[in-house]
Amino acid sequence: MGRGHLSNLVEPPDFRAKEVISHTGLTGSELTRATPILARLARLMRDYDMTLAEINPLARLADGSFVALDAHMEMENEARPRQRPLLDDLGVDPTDMREPYEPSAFERNVKAIDSADHRGVIQGKDHGFSGNLGLVIGAGGGSLTLTDAVRSQGGRPANYTEIGGNPSVSKACGLAKEVLSKDGVEKIAVMMSIVSNTRVDIVARGVIKACLELDKDPGETIAIFRIPGAWEEEGFKILERYGVEYCDRSVSMWEAAGRAVAKIQEEQVAGSR
Amino acid sequence: MSVLLSEDFTFIVQGITGREAVNLTRECLDYGSKVVGGVTPGRKGREVHGVPVFDTVEQVTEALGYVPDGSVVTVPPAFTKDAVFEAIVRGVKLVVIVTERIPRRDVAEMVELADRYGARIIGPNCLGVIVPEVCKMGGIGGPAKDAAKAYTPGAIGVMSRSGGMTTEISSTLTAAGLGQSTAISIGGDAIIGSTYAELMPLFEADEQTEGIVIYTEPGGRMEAQLSEWVKENDSRLPIVAFMAGRFMDSEEMKGMSFGHAGTIVEGKEDTATEKIARLEAAGIPVVERIDEIPDAVKDKLGAKV
Amino acid sequence: MEARSKELEAVFIEVEVDASIATDAELARKLAEVCPVDIFATDDGHVAIVRSNLDECVLCELCLDAAPDGTVRVKKLYDGTELVR
Ligand code: SF4
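Residue numbers (the numbering used here), protein chains in the order written: chain A, 1088 to 1360; chain B, 379 to 683; chain C, -5 to 79.
Below is the structure:
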């Protein structure tokens, strides 16, 4: 096998491709013919922001020339804006994000809410989730941690979300409504790691408003609210007014997730009696 | 002592007139950091919370009469590479890149250039670095009064792929009486300027630091690299790890990215299970809950003496 | 997206403007300018309140700074207190 590292600061030169191929033991005209193919592949990878560029298999014809029988390329999403001309050439529509699966209605709706308002960022996914506990959680690392904490304690999340960047009340409300509108979701857990930019009171208003607009009792519907940090005193006042169980940083993310799971399980036991 | 930052550390903010940058500048100044200048092309002569704004990094260094120690870069993704190049070429040795969604090729170029100039990059897609009660470089911990609540001086070095979790973990340590020597939000992208293993030698050389806590996620080779580093270097520092995103190991989640751009399971090596096994094989316990971290750290520290 | 629920206004915040300034065109313009979440608008030289934005109020007090003391009141409906100068 031949392996080589390339500088990103300069155009990949032919000689590096030649070196890598020579490591495989190839020589003679095979080496000289294969070299430009690898060099061009490396340049294509760099010039078009690929995360993967692969020719497999590469075949040699009777006359000694090489042909690619198949190839696989993956372009990084972050580079799509600057690679628009190539994507247009290939007929890839700007809205086609080439996800590994078809986005669900929930995912499409959350995306629409997010792009309609520039304040803050919300993301929602439900592919692979089918539980009964709605999650209104954030931010990046916090969402991963909390989803694990719910599952490890026997909870079944209905979805995954990320709240960040200080969303508006209407955005937080829109997200919570989408989660609450999912089939089988009776309660939501509103949880984040300590926030410094996103405001506790704004998220509290958003999720409570979502309940009220859906004619649900916030105190019943919100299993737990655990978002410590910026404007928490103000947020806690709002939560108190609506009888929502909340906690500050002295209650760990794990414990908060556990309380939410326990509530939904109690309810089910009661319901089945 | 501490790593990366110190009492006299000076830095600038590139993109200082942006909304987020204005907040970040305020927070850093309130915390006592020495923000000595800002750059936004075309805005020379303005001030942001008393910090003078210039068109170029060169102008800042001319006005100051010295090269600032660091720069926080918070400019849109399309302009980040140029801003980082500018800082590095003008002699800045520590560049914290806050910007998200920078194409990987650009990051690879920045990291390579930094290497050639003997500079260090933290990020991209990070909240920066904090040395409790000494200096805060970036949005880490938020407003000064909030940062003071979560971060206290002490002996634990914190490194995290999540900016928010850097604060959550430090706050948990603080509540248990364990202060931090330096906390670093290393960034959530697939390619970052400084990985755990690349930062370990700094903590290793720092007298104040007696133990390390890391926050990790699925995706990438960073944890494997750390395991190798620990095995090869006979580190004096006990490490405790927390792994988030275990749920991503399930088959339906393959190829989906959660949390951060770099958090994606593409192959077996990327999974939480595989990473936990590797870390534990290197003697790094991996806890399941954030609130288990302080005890695990105390265990490790106790075992050492 | 189908409309699946009602939309409520002023659940958490109410803003009141004194009659003495309600017709001050200059002040109306100023209030519309300072409020970061567009709760104030100018309506034919009058101060108008955009009710659908009320709950977005971030309690920044910029409207209080912009108006004569006591003429603008921001009420927090969830605890009965108000911001006033
Ligand atoms: S307090 Fe701020 S957000 Fe609220 S109405 Fe006044 S200006 Fe607008």
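We put the CB at the ideal spot given by N, CA and C, even for glycine.
Which residue from the options puts its Cα closest to that of residue i?
{"i": "alanine 533(B)", "options": "Ile564(B), Gly448(B), Val591(B), Lys523(B)", "result": "Val591(B)"}
{"i": "tyrosine 1333(A)", "options": "Gly1358(A), Gly1271(A), Arg1147(A), Ile1311(A)", "result": "Ile1311(A)"}
{"i": "glycine 1225(A)", "options": "Phe1216(A), Gly1241(A), Asp1213(A), Val1208(A)", "result": "Val1208(A)"}
{"i": "lysine 0(C)", "options": "Cys1260(A), Asp1270(A), Phe1323(A)", "result": "Cys1260(A)"}
{"i": "arginine 45(C)", "options": "Gly39(C), Leu21(C), Cys57(C), Val31(C)", "result": "Val31(C)"}
{"i": "phenylalanine 581(B)", "options": "Ile570(B), Thr418(B), Val664(B), Ser559(B)", "result": "Ser559(B)"}
{"i": "lysine 471(B)", "options": "Ala456(B), Ser613(B), Glu647(B), Asp447(B)", "result": "Asp447(B)"}
{"i": "serine 1257(A)", "options": "Gly1089(A), Ile1325(A), Asp1201(A)", "result": "Asp1201(A)"}
{"i": "alanine 1349(A)", "options": "Val1294(A), Ile1289(A), Ile1275(A)", "result": "Ile1275(A)"}
{"i": "valine 400(B)", "options": "Thr439(B), Gly637(B), Glu425(B)", "result": "Glu425(B)"}
{"i": "arginine 494(B)", "options": "Phe463(B), Glu478(B), Glu440(B)", "result": "Phe463(B)"}
{"i": "asparagine 1284(A)", "options": "Glu588(B), Tyr574(B), Gly542(B)", "result": "Gly542(B)"}
{"i": "valine 473(B)", "options": "Ala561(B), Asp408(B), Thr458(B), Gly428(B)", "result": "Thr458(B)"}
{"i": "serine 1230(A)", "options": "Val413(B), Val391(B), Thr641(B), Arg397(B)", "result": "Thr641(B)"}
{"i": "aspartate 673(B)", "options": "Cys504(B), Asn503(B), Arg421(B), Ile547(B)", "result": "Ile547(B)"}
{"i": "glutamate 658(B)", "options": "Gly423(B), Val608(B), Glu629(B), Ile668(B)", "result": "Val608(B)"}
{"i": "glutamate 588(B)", "options": "Val509(B), Arg404(B), Lys678(B)", "result": "Lys678(B)"}
{"i": "arginine 1292(A)", "options": "Arg79(C), Glu76(C), Tyr72(C)", "result": "Tyr72(C)"}
{"i": "lysine 1264(A)", "options": "His1159(A), Asn1095(A), Phe1193(A)", "result": "Phe1193(A)"}
{"i": "arginine 624(B)", "options": "Asp669(B), Glu595(B), Asp433(B), Arg498(B)", "result": "Glu595(B)"}
{"i": "proline 531(B)", "options": "Ser540(B), Ile508(B), Arg539(B), Met515(B)", "result": "Ile508(B)"}
Checking the sheet assignment: what are the DSSP bridge partners for residue i?
{"i": "isoleucine 1142(A)", "result": "Ala1158(A)"}
{"i": "histidine 40(C)", "result": "Asp37(C)"}
{"i": "isoleucine 534(B)", "result": "Gln558(B), Gly589(B)"}
{"i": "glutamine 1210(A)", "result": "Glu1249(A)"}
{"i": "glycine 1316(A)", "result": "Val1282(A)"}
{"i": "lysine 412(B)", "result": "Thr388(B)"}
{"i": "alanine 1276(A)", "result": "Leu1222(A), Ile1311(A)"}
{"i": "cysteine 513(B)", "result": "Val509(B)"}
Nearest chain B C-beta to residue i closer than 8 Å, yes or no?
{"i": "tryptophan 1318(A)", "result": "no"}
{"i": "alanine 1283(A)", "result": "A small correction: the amino acid at residue 1283(A) is serine; alanine does not occupy that position in the sequence shown. Yes, because at least one Cβ of chain B sits closer than 8 Å to the Cβ of serine 1283(A)."}
{"i": "tyrosine 1333(A)", "result": "no"}
{"i": "methionine 1340(A)", "result": "yes"}
{"i": "threonine 1234(A)", "result": "yes"}
{"i": "glutamate 1098(A)", "result": "no"}
{"i": "glycine 1091(A)", "result": "no"}
{"i": "glycine 1229(A)", "result": "yes"}
{"i": "alanine 1166(A)", "result": "yes"}
For a cutoff of 8 Å on Cβ pairs, would you count residue i as touching chain A?
{"i": "valine 28(C)", "result": "no"}
{"i": "aspartate 32(C)", "result": "no"}
{"i": "aspartate 63(C)", "result": "no"}
{"i": "methionine -5(C)", "result": "The predicted model places methionine -5(C) with a pLDDT of 44, which falls under 50 and marks its position as unreliable; any figure quoted below should be read in that light. So, interface residue."}
{"i": "glutamate 50(C)", "result": "yes"}
{"i": "valine 5(C)", "result": "yes"}
{"i": "histidine 638(B)", "result": "yes"}
{"i": "glycine 555(B)", "result": "no"}
{"i": "aspartate 669(B)", "result": "yes"}
{"i": "arginine 624(B)", "result": "yes"}
{"i": "glutamate 464(B)", "result": "no"}
At a Cβ threshold of 8 Å, is residue i touching chain C?
{"i": "glutamate 1300(A)", "result": "yes"}
{"i": "lysine 1296(A)", "result": "yes"}
{"i": "serine 1202(A)", "result": "no"}
{"i": "serine 1255(A)", "result": "yes"}
{"i": "lysine 1324(A)", "result": "yes"}
{"i": "arginine 1328(A)", "result": "yes"}
Output, in chain order, the set of chain A residues within a Cβ distance shorter than 7 Å of residue i.
{"i": "lysine 0(C)", "result": "Glu1300"}
Mind listing the chain B neighbours of residue i? Cutoff is C-beta to C-beta under 8 Å, in chain order.
{"i": "asparagine 1219(A)", "result": "Per Cβ cutoff of 8 Å: no residues; asparagine 1219(A) is ~16 Å from chain B at best."}
{"i": "glycine 1215(A)", "result": "Ser628, Glu630, Met631, Met634"}
Nearest chain D C-beta to residue i closer than 8 Å, yes or no?
{"i": "aspartate 73(C)", "result": "The question asks about chain D, but that chain is absent: this structure's protein chains are A, B and C."}
I want to verify the contact list: residues of chain C whose CB lies under 7 Å from the CB of residue i, in sequence order.
{"i": "arginine 1292(A)", "result": "Phe6, Asp49"}
{"i": "isoleucine 1209(A)", "result": "Within 7 Å Cβ-Cβ: nothing; isoleucine 1209(A) doesn't reach chain C, min ~15 Å."}
Run down chain B in chain order and give the residues with a C-beta less than 9 Å from the C-beta of residue i.
{"i": "glutamate 1321(A)", "result": "Here the premise fails: no neighbours, minimum Cβ distance about 14 Å."}
{"i": "threonine 1138(A)", "result": "Arg482, Ala568"}
Who are the neighbours of residue i on chain B, taking C-beta pairs under 7 Å?
{"i": "serine 1191(A)", "result": "The premise fails here: serine 1191(A) is roughly 13 Å from chain B at the closest Cβ pair, so nothing lies under 7 Å."}
Starting from residue i, find everything on chain C with Cβ-Cβ shorter than 8 Å and list it in chain order.
{"i": "lysine 1212(A)", "result": "None at all; the shortest Cβ gap to chain C is about 18 Å."}
For residue i, go through chain A and note every residue whose CB falls closer than 8 Å to its CB, in chain order.
{"i": "leucine 551(B)", "result": "Correct list: empty, because the minimum Cβ distance to chain A is about 12 Å."}
- Query: With contact counted as at least three CB pairs below 8 Å, one residue from each stretch, are the stretch 1333 to 1350 of chain A and the stretch 486 to 504 of chain B in contact?
  - Reply: no
- Query: Taking one C-beta from the stretch 651 to 660 of chain B and one from the stretch 630 to 637 of chain B each time, how about it: are there three or more such pairs within less than 8 Å?
  - Reply: no
- Stretch-stretch touch, CB-based, cutoff 8 Å, three pairs: the stretch 1101 to 1118 of chain A with the stretch 1134 to 1142 of chain A: The answer is no - the stretch 1134 to 1142 of chain A does not touch the stretch 1101 to 1118 of chain A, with fewer than three Cβ pairs under 8 Å.
- Message: Using a Cβ distance threshold of 8 Å, determine whether the stretch 658 to 665 of chain B contacts the stretch 19 to 38 of chain C, with at least three qualifying pairs required.
- Response: Contact between the stretch 658 to 665 of chain B and the stretch 19 to 38 of chain C is absent: fewer than 3 CB-CB pairs across the two stretches fall below 8 Å.
- Query: Touching or not, the stretch 515 to 528 of chain B and the stretch 404 to 418 of chain B, by the rule of three or more beta carbon pairs under 8 Å?
  - Reply: yes
- Query: How about the stretch 7 to 21 of chain C and the stretch 1312 to 1322 of chain A: do they share at least three Cβ pairs that are nearer than 8 Å?
  - Reply: no
- Message: With three or more beta-carbon pairs closer than 8 Å as the criterion, would you say the stretch 1240 to 1257 of chain A touches the stretch 1204 to 1219 of chain A?
- Response: In short, these stretches touch, since the Cβ pair count reaches three.
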